[in-house]
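Residue numbers (full-length UniProt numbering), protein chains in the order written: chain A, 1 to 379; chain B, 1 to 379.
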């Protein structure tokens with residue numbers, strides 16, 4: 001490891017501020033940032049840190065992170081959980097909260113989430129409720145968590161009634177996104193995370209989508225394009241979060257592709273061997289544009305362009321690409337309607353008038369969705 | 001039951017506003033308010049309500065509350081838990097959250113806490129985290145919860161590492177304190193709640209303390225004095241909470257009597273047969289004033305006056321009054337220091353320069369506390 005003092009001047013470092021008043025924080029993006037994470041985290045002023053990680057990520061990075069925090073004089077403890085979505089449970093919440101309390105973390109101290117979205121969501125939620133709120137730092141280790149879940153303060157666990165149904169809005173004090181960690185990420189996970197990158201272009205930034213079309217190979221290869229893609233995604237998400245921290249309006253735009261995507265995840269029983277979140281989102285993005293075109297809202301050429309790009313990077317875009325199938329139209333519609341009562345009536349979708357021109361569309365009739373899906377399933 | 005329209009003009013109704021900006025709410029105090037609770041809660045605009053209660057309180061009031069909410073067109077469900085402090089657990093949190101989700105409570109809907117402090121703290125915490133926050137209403141049924149825990153937004157459960165160590169700041173949308181419900185409260189619980197009433201006078205309102213000395217019998221008997229005592233306590237607490245919602249400063253004054261009190265609860269193993277919270281607080285209030293006098297900060301006559309009044313209503317004031325004893329000076333000191341490292345150094349206490357003149361006193365030497373306690377234990 002290079003000495004912290006030298007590496008603090010990381011030339012590739014991009015800082016994305018999240019200006020949320022007294023909850024403002026920075027997202028740091030760059031290669032090799034984990035080497036100087038100790039100094040950066042210590043600069044927040046804590047005396048102790050509890051690292052929360054999983055059995056995949058911990059063995060790779062936790063020892064170095066612990067050493068760099070201890071070198072700064074922090075008392076460090078570690079909580080290691082099994083990897084996977086099942087870890088976002090009430091039982092894990094109890095385990096993490098009690099471990100954080102056992103580590104004598106006080107209000108001025110820190111919880112450090114070292115891992116992907118599961119660890120970030122769980123550790124962030126524990127930080128939100130231990131002593132009614134201690135600070136926390138996100139060190140996301142997957143592309144998906146670097147561009148999405150580590151930013152914006154949504155934390156939580158799953159309930160038997162659905163994903164992320166129990167949680168808190170709790171902003172991190174710092175996000176450190178080391179893009180070099182993605183070098184060892186399986187290609188399937190890199191692609192899945194990339195679906196969320198593309199999403200930001202599709203929501204309201206046609207130029208960024210065009211940049212993705214031209215630069216995606218650099219993003220996957222780990223060149224400066226990757227840092228730029230992560231940073232731009234964080235900027236886009238931060239802008240939405242600053243406008244609507246608690247999701248009472250605009251923040252719903254971030255769900256572009258997710259109404260379809262969540263339904264597909266549900267119908268594949270959240271079995272990551274069949275479909276991971278980002279793959280569901282990729283199909284969902286394509287479906288949202290195809291549905292918008294079906295409704296006459298969006299030029300078919302734009303829907304085509306979305307699909308071509310997602311396919312180019314190796315992501316699925318059609319219902320028929322769901323391994324094992326996605327069930328019947330009725331099952332899909334059921335899964336999309338959170339409440340059975342909505343079925344006979346109207347649903348809210350995020351639709352688009354074109355690439356970069358998404359909008360919240362309440363009042364979409366279930367019959368229109370049914371007709372569209374019938375065509376898609378047989379396609 | 002009188003029709004809601006008539007009873008809404010309850011002549012004995014006292015409204016205490018809690019002006020917390022977008023989290024502002026009212027505390028309603030008066031006899032018989034539970035009869036019109038349905039209309040008042042429905043006025044908040046929800047479509048559904050999940051009542052959380054316990055096996056003692058539920059059978060007394062839940063059916064009437066349910067009926068009055070249903071009469072207003074709300075869909076109502078009920079979750080009934082065992083009574084007692086053990087219910088403030090992770091397991092109960094899971095049970096309440098899942099029941100609230102099963103009841104299809106959405107962000108616009110309500111959780112209604114019907115019970116004492118345990119139910120209010122637990123239901124409030126569940127409301128804070130289900131869907132990252134749904135609204136909730138407190139219907140406190142004990143004097144302690146009417147004057148203390150139902151106001152101010154502190155919610156939570158206990159951990160093996162201590163009480164209330166996991167929770168959230170989540171303000172209720174309405175508090176309905178029906179003082180008639182206290183008529184059937186055992187005298188021991190009425191006395192225990194009264195210790196918190198007296199506390200507000202001791203903190204910063206000598207006139208209210210004098211009013212308590214003159215009117216306590218009316219408070220216990222259930223006359224208009226009771227409504228006034230509850231309302232004045234809520235006003236006092238609300239004023240502190242508005243100044244310092246998240247307890248970064250002044251709110252600590254509300255802990256007057258609680259450093260000693262919590263230590264005594266801990267040393268009696270939270271066994272309510274030996275000591276209930278309010279009894280610990282009564283002894284703690286007296287000890288805080290006696291310690292202030294010992295340090296030369298407070299006139300001994302004021303400490304005497306505190307003790308005389310607490311004894312008059314039947315509350316304990318001395319360490320020797322703890323049934324089964326409170327252990328050694330070292331055990332007491334240990335229990336008071338949250339962190340072993342504090343032992344050799346300084347502690348923070350809430351002390352007083354006289355009745356109504358309390359202040360936060362950091363830097364109290366452990367040796368001074370030891371000398372004081374040695375005298376008290378042998379007294």
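Backbone N, C-alpha and C define an ideal beta-carbon position, used for all residues, glycine too.
(1) Relative to the C-alpha of residue 127 of chain B, which residue among B/186, B/265 and B/49 is closest?
(2) Whose C-beta lies closer than 6 Å to the C-beta of residue 319 of chain A among residues of the same chain, with five residues either side of it excluded?
(3) Please name the residues in the region 160-177 of chain B whose beta-carbon is closer than 7 Å to at least one beta-carbon of chain A, in chain order.
(4) 8 Å is my cut-off, CB to CB: does residue 342 of chain B come that close to chain A?
(5) For residue 352 of chain B, list the residues DSSP reports as bridge partners.
(6) Once you ignore the five residues that flank residue 96 of chain A on each side, which residues in its own chain have a CB closer than 7 Å to its CB?
(7) DSSP beta-bridge partners for residue 364 of chain B?
(8) Here's a check: name, in chain order, each residue in its chain whose Cβ is nearer than 6 Å to the Cβ of residue 307 of chain B, leaving out the five neighbours to either side.
(9) Using 10 angstroms around the beta-carbon of residue 103 of chain A, count the other beta-carbons present and answer buried if the total reaches 16, otherwise exposed.
(10) Check distances from the C-beta atoms of the region 82-102 of chain B to those of chain A and list, in chain order, the residues that come in under 8 Å.
(11) Applying a beta-carbon distance threshold of less than 8 Å, which residues of chain A neighbour residue 130 of chain B?
(12) Ignoring anything shorter than 3 residues, give me the beta strand (DSSP E) runs that lie fully in the UniProt domain "3-dehydroquinate synthase C-terminal" (193-342) of chain B, in order along the chain.
(13) If you measure from the beta carbon of residue 2 of chain A to each beta carbon in chain B, is any gap under 8 Å?
(14) Checking contacts by CB at 8 Å: is residue 73 of chain A closer than that to chain B?
(15) Skipping 5 residues on each side, what residues in its chain have a beta carbon closer than 6 Å to that of residue 131 of chain B?
(16) Under 7 Å Cβ to Cβ from residue 256 of chain A, same chain only, skipping five residues before and after it: list those, please.
(17) Taking 6 Å as the limit between beta carbons, can you name the residues of its chain near residue 32 of chain A, skipping five residues before and five after?
(18) How about residue 156 of chain B: is its C-beta nearer than 8 Å to some C-beta of chain A?
(19) First and last residue of the alpha helix (DSSP H) that includes residue 59 of chain A?
(20) What does the alpha-carbon distance come out to for the pair residue 315 of chain B and residue 119 of chain A?
(21) With 16 other CB atoms within 10 Å as the buried threshold, where does residue 172 of chain B fall?
(22) Which two residues bound the contiguous beta strand (DSSP E) that contains residue 114 of chain A?
(23) Helix, strand or coil, according to DSSP, for residue 134 of chain A in the structure here?
(24) Taking a contact to mean a Cβ-Cβ separation below 8 Å, would you say residue 457 of chain B touches residue 335 of chain B in this structure?
(25) Which residue or residues does DSSP assign as beta-bridge partners of residue 18 of chain A?
(26) Between the region 239-249 of chain B and the region 158-166 of chain B, can you find at least three pairs of beta-carbon atoms closer than 8 Å?
(27) Between A/147, A/69 and A/305, which lies nearest to residue 109 of chain A when the distance is taken from Cα to Cα?
(28) In chain order, which alpha helix (DSSP H) runs of at least 4 residues are fully inside the UniProt domain "3-dehydroquinate synthase N-terminal" (79-190) of chain B?
(29) Thinking just about the alpha-carbon of each residue, which of B/73, B/72 and B/113 is nearest to the one in residue 81 of chain B?
(30) If you reduce the DSSP assignment to three classes, tell me which class residue 381 of chain B lands in.
(31) Grab me the residues of residue 135 of chain A's own chain with a C-beta within less than 6 Å of its C-beta, minus the 5 sequence neighbours each way, in chain order.
(32) Could you round the C-beta distance between residue 366 of chain A and residue 348 of chain A to whole angstroms and report it? I think they count as a contact, below 8 Å.
(33) Could you tell me the distance, in whole angstroms, from the CA atom of residue 303 of chain B to the CA atom of residue 291 of chain B?
According to the structure shown:
(1) B/49
(2) 326, 376 and 377
(3) 160, 161, 165, 166, 167, 168 and 169
(4) Because residue 342 of chain B carries a pLDDT of 48, less than 50, the predicted location of this residue cannot be relied on, and the following value inherits that uncertainty. Not closer than 8 Å to any Cβ of chain A, the Cβ of residue 342 of chain B fails to qualify, so no.
(5) As a beta-bridge residue in DSSP terms, residue 352 of chain B pairs with B/358.
(6) 52, 79, 122, 123 and 126
(7) B/347
(8) 286 and 317
(9) buried
(10) If the cut-off is 8 Å between Cβ atoms, the region 82-102 of chain B has 90, 93, 94, 97, 98, 101 and 102 near chain A.
(11) 165 and 166
(12) none
(13) Residue confidence is low: residue 2 of chain A scores 41 on pLDDT, short of 50, so the model does not pin down where it sits. No coordinate-derived value is stated.
(14) no
(15) 107
(16) 199, 202, 203, 285, 288, 350 and 358
(17) 180
(18) For residue 156 of chain B, the nearest beta carbon of chain A is closer than 8 Å to its own beta carbon.
(19) That run of the alpha helix (DSSP H) goes 58-70.
(20) 49 Å
(21) buried
(22) 110-115
(23) Residue 134 of chain A: coil per DSSP, three-state reduction.
(24) The structure shown does not extend to residue 457 of chain B, since chain B is modelled only from 1 to 379, so the question has no answer here.
(25) A/25, per the DSSP bridge assignment.
(26) Not touching, per the Cβ criterion.
(27) A/69
(28) 90-102 and 117-129
(29) Of B/73, B/72 and B/113, the residue nearest in Cα terms is B/113.
(30) Because chain B is modelled from 1 through 379, residue 381 of chain B falls outside the range shown and cannot be assessed.
(31) 110 and 173
(32) At roughly 12 Å, the Cβ-Cβ gap does not stay under 8 Å, so residue 366 of chain A and residue 348 of chain A are not in contact.
(33) 9 Å
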